[in-house]
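Enquirer:
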Amino acid sequence: KTDEELEAEAEALRTKSILVNATDPEERRVVVVGAEGRIEDLLMTAESQKNLVNDIYRGKVVNLEPAIGAAFVDFGQGRNGFLHTSDVLPVYGEEGFTLEKLLTTRLEDEEGHPDVDDDDDHEDDDEPKKGGDAKKGAKRARGNGWRTRQRLPITDLLKVGDQVVVQITKDAIGDKGPTLTTYISIPGRYLVLMPSMARTGVSRKIPDDNERRRLKRILAQLDAPEEMGVIVRTAGVGKLKKDLKRDLDYLLGVWQTFENKLRQGRGPTPLYQESDVAMRTLRDLFNKETKEVVVDDFAVHEAMLEFAERQMPEHVARIKRYEGQRPIFHDFGIEQDFEQIFNRSVDLPSGGSIVFDQAEALVAIDVNSGRTRTNSHDFEEVALKTNLEAVPEIALQIRLRDLGGIIVCDFIDMMKSSSNRAVERALRAELAKDRARSKIGRIGQFGLLELTRQRLGPGTHKKVFQACPRCRGTGRIRTVQSRAQAILRRLGSALTQKGFSRVEVRAHPEVVSYIKENLDDYIRALEHRFERE
Numbered sequence: 040k041t042d043e044e045l046e047a048e049a050e051a052l053r054t055k056s057i058l059v060n061a062t063d064p065e066e067r068r069v070v071v072v073g074a075e076g077r078i079e080d081l082l083m084t085a086e087s088q089k090n091l092v093n094d095i096y097r098g099k100v101v102n103l104e105p106a107i108g109a110a111f112v113d114f115g116q117g118r119n120g121f122l123h124t125s126d127v128l129p130v131y132g133e134e135g136f137t138l139e140k141l142l143t144t145r146l147e148d149e150e151g152h153p154d155v156d157d158d159d160d161h162e163d164d165d166e167p168k169k170g171g172d173a174k175k176g177a178k179r180a181r182g183n184g185w186r187t188r189q190r191l192p193i194t195d196l197l198k199v200g201d202q203v204v205v206q207i208t209k210d211a212i213g214d215k216g217p218t219l220t221t222y223i224s225i226p227g228r229y230l231v232l233m234p235s236m237a238r239t240g241v242s243r244k245i246p247d248d249n250e251r252r253r254l255k256r257i258l259a260q261l262d263a264p265e266e267m268g269v270i271v272r273t274a275g276v277g278k279l280k281k282d283l284k285r286d287l288d289y290l291l292g293v294w295q296t297f298e299n300k301l302r303q304g305r306g307p308t309p310l311y312q313e314s315d316v317a318m319r320t321l322r323d324l325f326n327k328e329t330k331e332v333v334v335d336d337f338a339v340h341e342a343m344l345e346f347a348e349r350q351m352p353e354h355v356a357r358i359k360r361y362e363g364q365r366p367i368f369h370d371f372g373i374e375q376d377f378e379q380i381f382n383r384s385v386d387l388p389s390g391g392s393i394v395f396d397q398a399e400a401l402v403a404i405d406v407n408s409g410r411t412r413t414n415s416h417d418f419e420e421v422a423l424k425t426n427l428e429a430v431p432e433i434a435l436q437i438r439l440r441d442l443g444g445i446i447v448c449d450f451i452d453m454m455k456s457s458s459n460r461a462v463e464r465a466l467r468a469e470l471a472k473d474r475a476r477s478k479i480g481r482i483g484q485f486g487l488l489e490l491t492r493q494r495l496g497p498g499t500h501k502k503v504f505q506a507c508p509r510c511r512g513t514g515r516i517r518t519v520q521s522r523a524q525a526i527l528r529r530l531g532s533a534l535t536q537k538g539f540s541r542v543e544v545r546a547h548p549e550v551v552s553y554i555k556e557n558l559d560d561y562i563r564a565l566e567h568r569f570e571r572e
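For the numbering used here, count along the sequence shown from 1 and bump the result up by 39.
1) Below 8 Å, how does it come out for the stretch 321 to 336 and the stretch 215 to 230: are there three or more Cβ pairs, yes or no?
2) What runs of the alpha helix (DSSP H), each 4 residues or longer, lie entirely inside the stretch 532 to 570?
3) Take every Cβ of the stretch 419 to 437, pair it with every Cβ of the stretch 377 to 394, and state whether three or more of those distances are shorter than 8 Å.
4) Determine whether the beta carbon atoms of L287 and V269 lie at a separation below 8 Å.
5) Expressed to the nearest angstrom, what Euclidean distance is found between the alpha-carbon atoms of A400 and V447?
6) Return yes when the C-beta of L142 is under 7 Å from any heavy atom of the ligand ATP, and no when it is not.
7) With 16 as the cutoff for other CB atoms within 10 Å, does T12 come out buried or exposed?
8) Quick one: Cα of L103 to Cα of I373, how far?
9) Would you mind working out which of E432, G444, D441 sits nearest V462, comparing C-alpha positions?
10) In the DSSP output, what is R67 paired with across the bridge?
11) Roughly how many angstroms separate the alpha carbons of V316 and R349, rounded to a whole number?
12) Does the distance from the CB of V205 to the CB of Y96 come in under 8 Å?
13) Please state the DSSP three-state secondary structure of L58.
14) I'd like to know if the stretch 272 to 285 and the stretch 73 to 85 are in contact, where contact means that at least 3 CB-CB pairs between them fall below 8 Å.
15) Alpha carbon to alpha carbon, what distance is there between D210 and V402?
16) For I107, count neighbouring Cβ atoms within 10 angstroms of its own Cβ and tell me buried if that reaches 16, exposed if not.
17) Going by beta-carbon coordinates alone, are E566 and S540 separated by less than 8 Å?
18) Straight-line CA distance for I358 to S521?
19) So what does K209 bridge to, in DSSP terms?
20) Please say whether V112 and G132 have beta carbons closer to each other than 8 Å?
21) Using the DSSP secondary-structure output, state which residues sit across from H500 in a beta bridge.
22) Between which residues of its own chain and L258 is the CB-CB distance below 7 Å, once the five residues before and five after are set aside?
23) What is the DSSP secondary structure of P234, reduced to helix, strand or coil?
24) Run the CB neighbour count on I516, radius 10 Å, all protein chains shown included, and call it buried at 16 or more, exposed below.
25) Return the first residue and the last residue of the beta strand (DSSP E) that Y311 is part of.
26) Is the CB-CB distance between A434 and E469 below 8 Å?
27) Ignore the nearest five residues each way along the sequence and tell me which others in S25's own chain have a CB closer than 6 Å to its CB.
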């Protein structure tokens, strides 16, 4: 094919726009808008809730909990972080260890290796840089994807007062502090640099064998530092050697800055901080389907141009400044769609709906048929149709709301196992588009499907909502009738005590009105019985 034909094919794929709203003082919002004008992905930061995921700090061990195999680390950001023994490099347990040894330590395959899934920052690797096979039966560590042959007691690796270099893998949620690891990885646009891992490879989410072989050949030619791990991300598909080399040079520059900071001073301090949300937009969301990136802030636009000129110069022309007078999301007609992300219920085109409820332990998603519009009188067919219609919306809302942890989907009951399998396959295909990794179970006899999804952040709702001081986050308050009865019970108890002749009750006007209108006789009886007013 000619260059013109190849460019025409590439242009046909470019159907999505990325809109960056960075003028608001407290929030930055980035959305990917598809060809049909719907929001397909979202990044959002709130000034009051900083996202620390992927940041790297020098910290100090302040407590050890041998019973759970964990250390708690002060890394200078308020709440202490949780470091499980399986996330501690074995070199920390060696006699005479110092942090500077981390700059030359390379973990060989027989000691352990990463098994990191394809999300916004990390990818799977598939081969050691120097021989050896992955240990198929290795145990998995707590939630962040690392595998090791054995887990040493935490007291054999660390002691209180030790300095450690840690990377945040999960933000603090509720009463739980951030989750940490000492296995450092630094994501670029096309590559992930893993300084402590002697491995190179290609993301397992790149299925084409020919493309995998091509990328492996390029990796072998990149002249990466000896035994420093490099993984090709899914964004590296189709990229040339010069593109990957440019990304590697950028990552090595970041690592050099990291080394310099590590050698300076002691005590908790930041060593590497994740890019601003606008920069992460170009790194994680920009792809071959992106038609344009439209930015409404001058300074952010300039910073994105600078990043693009350094990392992706062929795409600089697609980064544009928004010059309109109206807010950018309003002008593109998506502000209302954005606000719907916070609704509890989402309507389906055929009349059904999906309800999302978030609890401390899990997220519950309920599919309702409602008044589904169909000509069929076959309940199985209606249930299957509604469930299949709900699947893409469920996957989209999970992504937009950044729901993580355990998620339970309550689909409409179907009698046929073939119908259940069809819904499972559809959901699996939709979740494959997600930047976060997930594991999907099967629909059980009660119509429930369980899945787990990696937390990329605290969740969209937690960024914009706070617990109601009235109901304390339960979403429920007692009825007027129940409140009135509780007051009367407390009143009856108070009247049994001595030392006063009058009791004054203060309550919500609705409660007071209910008592006066419906329970006045009961009040009179209490006054007469206890001879009090």
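Glycine residues also receive a C-beta, built at the ideal position from the N, C-alpha and C atoms.
From a predicted model like this one, the values you see are computed outputs, not experimental measurements.
Expert: Taking the geometry as given:
1) yes
2) 548 to 557, 559 to 569
3) Output reads yes: the stretch 377 to 394 touches the stretch 419 to 437.
4) Against the sequence shown, residue 287 aligns to sequence position 248. Against the sequence shown, residue 269 aligns to sequence position 230. A contact, by the Cβ cut-off of 8 Å.
5) For the purposes of this step, residue 400 is taken as residue 361 along the sequence shown, with counting starting at 1. For the purposes of this step, residue 447 is taken as residue 408 along the sequence shown, with counting starting at 1. Approximately 11 Å, taken between the alpha carbons.
6) The ligand ATP is not part of the structure shown, which contains no ligands of any sort.
7) Outside the shown range of the chain, which is 40 to 572, sits residue 12, and nothing can be said about it.
8) Position 64 of the sequence shown holds residue 103. Position 334 of the sequence shown holds residue 373. In a straight line, the C-alpha of L103 is about 49 Å away from that of I373.
9) On the sequence shown, residue 462 is found 423 positions in, with the first residue counted as 1. The residue with the shortest Cα to Cα distance from V462 is E432.
10) For the purposes of this step, residue 67 is identified with residue 28 of the sequence shown, where counting begins at 1. DSSP, once it has assigned bridges, lists T84 as partnering R67.
11) Position 277 of the sequence shown, counted from the first residue, corresponds to residue 316. Position 310 of the sequence shown, counted from the first residue, corresponds to residue 349. Between the C-alpha atoms of V316 and R349 there is a straight-line separation of about 18 Å.
12) In the sequence shown, counting from the first residue as 1, residue 205 sits at position 166. In the sequence shown, counting from the first residue as 1, residue 96 sits at position 57. Yes.
13) What you label residue 58 is simply residue 19 of the sequence shown in a count that begins at 1. Looking at L58 - three-state DSSP - the assignment turns out to be strand.
14) no
15) Position 363 of the sequence shown, counted from the start, is the residue given in the question as residue 402. Position 171 of the sequence shown, counted from the start, is the residue given in the question as residue 210. Answer to the nearest angstrom: the Cα atoms are 18 Å apart.
16) Along the sequence shown, read from residue 1 onward, the residue named residue 107 stands at position 68. Burial call: exposed.
17) In the sequence shown, counting from the first residue as 1, residue 566 sits at position 527. In the sequence shown, counting from the first residue as 1, residue 540 sits at position 501. The answer is no: Cβ separation not under 8 Å.
18) On the sequence shown, residue 358 is found 319 positions in, with the first residue counted as 1. On the sequence shown, residue 521 is found 482 positions in, with the first residue counted as 1. Between I358 and S521, the C-alpha separation is close to 59 Å.
19) Along the sequence shown, one-based indexing puts residue 209 at 170. Looking at the DSSP assignment, K209 forms a beta bridge with T218.
20) In the sequence shown, counting from the first residue as 1, residue 132 sits at position 93. In the sequence shown, counting from the first residue as 1, residue 112 sits at position 73. Not a contact, by the Cβ cut-off of 8 Å.
21) Your numbering for residue 500 matches position 461 in the sequence shown. The partner list for H500 (beta bridge, DSSP) is empty, contrary to what the question assumes.
22) On the sequence shown, position 219 is the one that residue 258 refers to. Only T239, V269, V271 meet the Cβ criterion.
23) Along the sequence shown, read from residue 1 onward, the residue named residue 234 stands at position 195. In this structure, P234 counts as coil in the three-state DSSP scheme.
24) Along the sequence shown, one-based indexing puts residue 516 at 477. Result: exposed.
25) Locating residue 311 in the sequence shown gives position 272, counting from the first residue. Unbroken beta strand (DSSP E) run through Y311: 308 to 311.
26) Counting from one through the sequence shown, the residue named residue 434 turns up at place 395. Counting from one through the sequence shown, the residue named residue 469 turns up at place 430. Going by C-beta atoms, A434 is nearer than 8 Å to E469.
27) Any question about residue 25 goes unanswered here, given that the chain covers just 40 to 572.
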